[in-house]
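Chemist: This is the structure I have questions about; it appears just below.
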Amino acid sequence: MKALMKRLPKISMHAFLIVSVLITIFPFVWVAMMGTHSRSEIFSSPPPFYFGSRLLENYEKLLDIMPFWLVLGNSLMVSIIGTAVTVLFCSMCAYGFFAYEFRGKNVVFGVMVASMMVPPVLTLIPFFLTVKFLGLLDTHAAIWLPLAANAMGIFLIRQYMVTSISRDLLDAAKVDGASDFRTYWTVVLPLIKPALATLGIVTFIALWNNFLLPLIVISSPDKYVLTLALRSLQSVANTPWGAVMLGTFLSMIPLLVAFLFFSKQMMAGLTAGAVKG
Amino acid sequence: MTLTTTPNEERGTQMRAPARRRSTLRIWKKRLMPWLFISPFIILFMVFTLFPLLFSIYLSFQEWNPVAGLSSMEYVGLYNYQLALTDPWLWKSLYNTVWLAVVSGIPQHLLAIPVAYMLVSAVRGRLRHLYTATMFIPFITSTVAVALIFFSIYSTNAGILNQWLLALSNLPVLSWFFSWVQDAMPIRWLTSSDLLKPSIAMVVIWKYTGFNIVVYSAGFLTVSRDLYDAAKVDGCSRWQQFWHVALPMIRPFIFFAVTLTIIGNLQLFEEPYVLTQGESGGVAQSGLTASYYLYLVGWQWLEMGAAAAISWILFLFIAIATGVHFYFNGRKGLGEDR
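Residue numbers (this note's numbering), protein chains in the order written: chain A, 1 to 277; chain B, 1001 to 1338.
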């Protein structure tokens, strides 16, 4: 009994942690289960808390109410192209700030810091108009292009360059007759792969989950991305919740699977601002 | 910016001295190179941030329906600001925004700090990673997906939340504790003006607490064992170790996390938008946040000028809130007093 009392704090702590974990994962389990039930089963009382047998039916229904695979393809395309361009642009800018001293550098740097302070909401309306002027309305580029060279990403990569690349190396490349671009592409980029990966992960997640930008710039249903398409299902008459939940679940799988393998990198990348201070 | 633009009178000297020409070319190239590398930022910043910023100042003094084309723009002075400031929906939305920012913000940190401390001080290695990683999952999940799931969980008649509360109230042991449930049923989580905001706040807390736990875990991990040992030698209790040793050490992390929460919460849009099905902010606009209102004005009512004015009011709001936070917590938070 005494031994138990001594262990009580530890036991209660683990109990608390386990309950927290259960609360965290409950909605994920719930959505997976609901994806296997029919509408009438979901609306029975009490609702079933087990896996049902209507998975295929829901899948067919899902394809009925939205072109799921097309939309998934759109999301993939936006996220992959956007991530690639963002990593390229941010690393280019970071290299520009890292490798050169030039007049006006501090001014641009200051502007960059300031640009991080501008809340996106503030520029939303004129941003929409800009997109419209440029003829980018209802294109996927309007989702990934605006933030393809963002201050956060540039800082992240520049910081990594500062700590991992010596100036001697750049000088040596110059002595060997490598052009500026060649130095950047074949000498620097391979050395900063971890930073590129971090930025890539963060960007991919942000693009995959983005909702507000697609909501204001995309109008034709065949250009919808997952978030937009799933949200629009709410307004379908007699919402077939089984199918909607199945679609929601499927839309989360890519990131969940990625997280299974790269949880450390993803957590470090997404909290990078805190740890680097 | 190549040499073809060189003025005519200089061309003669260059012909006579090709060596010098090559060297000026090289100098130009050298000067341009850094700008070439940072050009993506400069161009995209000008097009998608700077221009919109300036244009939104201009726009906030115009009345304009985007569907009618640019020519329909009309100068109206401060009318948009006046209109926005006298619109009860604006004040409602600002109130809701602050309410949600506070109620969904504070619990995140009050939960995350002790949980992170527990994890770091008492759970080792792989198990700790398992805990933090699991709690982090909501953060990487799309807000739309999360809100849709909660939309079904909150459902009035058949939502699992109501059904389980009902079941709990029928259990013999717990029934006295849950007796209120029977009277309250069916609880309208998303369709009553009293409960909508708390329901939204719960989703926000669920989604972002894990992120804060990871940030604070990283913070507590930077506190060296020696400090705790020294405190123990000095006779500090466990609570004192937490309060007087660990907590002051992670101040920069608290500052960072709280800043993110403030900025993020004041711009809350997706959770209330999806949970109210995008319909004018829910019952009696009790779920209408400032960003949501901005969206309605700009894209549903097509009043771009008024929306621009509102975004500046909102900006002022965010600036003041962050300013107050920086003023009171900034110096301490950034550790400058140490």
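We put the beta carbon where it would ideally sit given N, CA and C, even for glycine.
Return no unless some Cβ of chain B is closer than 8 Å to the Cβ of A:D180.
Modeler: yes
Chemist: Verify the contact flag: B:Q1300, CB atom, against every heavy atom of the ligand ADP, threshold strictly below 7 Å.
Modeler: In terms of ligand content, the structure shown is empty, and the ligand ADP therefore cannot be addressed.
Chemist: By the criterion of Cβ-Cβ separation under 9 Å, what are the contact partners of B:L1314 in chain A?
Modeler: P119, V121, L122
Chemist: Could you give the residue range of the alpha helix (DSSP H) that holds B:N1080?
Modeler: Segment 1079 to 1086, the alpha helix (DSSP H) holding B:N1080.
Chemist: Identify which residue in B:I1153, B:F1220, B:R1026, B:V1181 has its Cα closest to the Cα of A:V31.
Modeler: B:I1153
Chemist: How about A:L233 and A:V244: are their beta carbons less than 8 Å apart?
Modeler: yes
Chemist: Within this structure, are the beta carbons of A:L199 and A:L250 separated by less than 8 Å?
Modeler: no
Chemist: So does the segment 90 to 103 of chain A actually touch the segment 145 to 162 of chain A, counting three or more Cβ pairs closer than 8 Å?
Modeler: yes
Chemist: DSSP beta-bridge partners for B:Y1075?
Modeler: Per DSSP, the beta bridge partners of B:Y1075 are B:Q1062.
Chemist: Grouping DSSP H, G and I as helix and E and B as strand, with all else coil, what is A:N238?
Modeler: The answer is coil: DSSP assigns A:N238 none of H, G, I, E or B.
Chemist: Based on Cα-Cα distance, which residue from B:L1294, B:A1145, B:L1050, B:G1105 lies nearest to A:L115?
Modeler: Looking at the sequence provided, one finds Ser at residue 115 of chain A rather than Leu. It is B:L1050 whose Cα lies nearest to the Cα of A:S115.
Chemist: Just the C-alpha distance for A:F181 and A:P194, rounded to the nearest angstrom, thanks.
Modeler: 20 Å
Chemist: Let me know if B:Y1292 comes out buried or exposed under the rule of 16 or more other beta-carbons within 10 Å of its beta-carbon.
Modeler: Residue burial is scored here from C-beta neighbours: B:Y1292 has at least 16 other C-beta atoms within 10 angstroms and is therefore classed as buried.
Chemist: Give, in chain order, every residue of the segment 200 to 216 of chain A whose Cβ lies closer than 9 Å to some Cβ of chain B.
Modeler: Within the segment 200 to 216 of chain A, the residues whose Cβ lies closer than 9 Å to any Cβ of chain B are, in chain order, I205, W208, N209, N210, F211, L212, L215, I216.
Chemist: Three-state secondary structure (DSSP) at B:C1236?
Modeler: coil
Chemist: Cβ atoms of B:N1329 and B:A1257: under 8 Å apart, would you say?
Modeler: no
Chemist: How would you write the range of the alpha helix (DSSP H) that B:R986 sits in, first residue to last?
Modeler: Any property of residue 986 of chain B remains undetermined from this structure, which presents chain B solely from 1001 to 1338.
Chemist: State yes or no: is the C-beta of B:A1246 within less than 8 Å of the C-beta of B:A1084?
Modeler: no
Chemist: Under the assumption that B:S1179 contacts B:S1169 (Cβ atoms under 8 Å), give the Cβ distance between them as a whole number of angstroms.
Modeler: 6 Å
Chemist: I'd like the ranges of any alpha helix (DSSP H) spanning at least 4 consecutive residues and lying wholly in the segment 36 to 122 of chain A.
Modeler: Given a length threshold of 4 residues, each whole run of the alpha helix (DSSP H) inside the segment 36 to 122 of chain A is given here in chain order: 39 to 42, 55 to 65, 68 to 99, 105 to 117.
Chemist: Tell me whether B:D1337 is buried or exposed, calling it buried when 16 or more other Cβ atoms sit within 10 Å of its Cβ.
Modeler: Because the pLDDT of B:D1337 is 38, which lies under 50, any placement of that residue in the model is unreliable, and the number read from its coordinates should be weighed accordingly. Answer is exposed; the Cβ neighbour count stays below 16.
Chemist: Go ahead and pull the three-state DSSP assignment for A:R7.
Modeler: In the structure shown, A:R7 sits in a helix (DSSP, three-state: H, G or I).
Chemist: Considering B:I1320, what are the terminal residues of the alpha helix (DSSP H) in which it resides?
Modeler: 1304 to 1325
Chemist: What are the residues of the segment 1087 to 1111 of chain B that lie near chain A, defined by any Cβ-Cβ distance shorter than 7 Å?
Modeler: From the segment 1087 to 1111 of chain B, no residue has a Cβ closer than 7 Å to chain A.
Chemist: Determine the direct distance from the alpha carbon of A:N210 to that of B:K1092, and round the result to whole angstroms.
Modeler: 27 Å
Chemist: Check for me: the alpha helix (DSSP H) holding B:E1270 runs from which residue to which?
Modeler: 1270 to 1275
Chemist: Between which two residues does the alpha helix (DSSP H) holding A:N184 run?
Modeler: The question names Asn, but residue 184 of chain A in the sequence shown is Tyr. Unbroken run through A:Y184: none, as it is neither H nor E.
Chemist: Taking the straight line between their C-alpha atoms, what separation do you get for A:P120 and B:Q1267?
Modeler: 9 Å
Chemist: Short check: CB of A:I218 to CB of A:D138, under 8 Å?
Modeler: yes
Chemist: Taking the alpha-carbon of B:S1071 as reference, which of B:I1263, B:L1059, B:G1077 has the nearest alpha-carbon?
Modeler: B:L1059
Chemist: According to the Cβ coordinates, are B:A1290 and B:L1314 closer than 8 Å?
Modeler: Cβ distance < 8 Å, so B:A1290 and B:L1314 count as in contact.
Chemist: How is the alpha helix (DSSP H) around A:A151 delimited, first residue to last?
Modeler: 151 to 164
Chemist: Classify B:L1054 as helix, strand or coil using the three-state DSSP reduction.
Modeler: helix
Chemist: Between the alpha carbons of B:L1334 and B:L1260, how many angstroms are there, rounded?
Modeler: With a pLDDT of 46 at B:L1334, under the threshold of 50, the modelled position of this residue cannot be trusted; read the value that follows with caution. So the two alpha carbons sit approximately 15 Å from each other.
Chemist: By Cβ distance below 6 Å, which residues in the same chain neighbour A:I216 in space, the five residues on each side in sequence not counted?
Modeler: Correct list, in chain order: F128.
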